[in-house]
Amino acid sequence: MQKRSGNDEHVTFFADDVWPELTAEERQQRVKELGEFLQTLPTASITRETADGRYVESRIISEIERRTQLVCAAASKDVLHKRLALKPSAVYRVSICYCFDIFS
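According to UniProt numbering, the sequence shown is numbered sequentially starting from 1.
Structural data, given as structure tokens:
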């Protein structure tokens with residue numbers, strides 16, 4: 001029996017440490033049953049992908065990507081876009097352009 005730990009690659013537990021009251025044959029049977037049970041779980045068939053040395057299920061990665069896209073789409077809908085335009089009469093005035101006499 002092995003347990004993943006933070007910095008240790010593998011920490012080994014012996015069946016007689018876990019079930020000291022059982023005989024060797026009973027412990028062996030219990031470990032076999034435990035392994036078979038773990039193989040029947042839906043997570044046993046999921047492929048794992050590495051992420052900074054830790055394993056992450058591809059299903060979780062796709063869910064994170066989906067939720068990120070939903071948040072980005074919702075954020076872009078909430079942004080109010082205003083088009084600011086100036087009227088030509090506010091920018092171009094004859095009195096401003098011809099206020100001085102260049103020919104005199």
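Positions of the beta carbon are idealized from the N, C-alpha and C atoms, including for glycine. All figures in this text were calculated on a predicted structure; none of them were measured in a lab.
Asked: Chain-order list of residues whose beta-carbon lies under 6 Å from that of lysine 32 (same chain, five-residue window excluded); Found: none
Asked: Phenylalanine 14, enclosing alpha helix (DSSP H) - first and last residue; Found: Unbroken run through phenylalanine 14: none, as it is neither H nor E.
Asked: Alpha-carbon spacing of phenylalanine 37 relative to glutamine 29, whole angstroms; Found: 12 Å
Asked: Cα-Cα separation between threonine 40 and glutamate 26, rounded to whole angstroms; Found: 21 Å
Asked: Through-space distance from threonine 43 to alanine 73, alpha-carbon basis; Found: 31 Å
Asked: Three-state class that DSSP yields for glutamate 57 in the structure shown; Found: strand
Asked: Helix, strand or coil at proline 85 according to DSSP, with G and I counted as helix; Found: The question names proline, but residue 85 is alanine in the sequence shown. Of the three classes helix, strand and coil, the one that applies to alanine 85 here is coil, per DSSP.
Asked: 7 Å Cβ cutoff met for isoleucine 64 and glutamate 57; Found: no
Asked: Own chain, CB closer than 7 Å to arginine 59, minus 5 neighbours either side, in chain order; Found: Ile46
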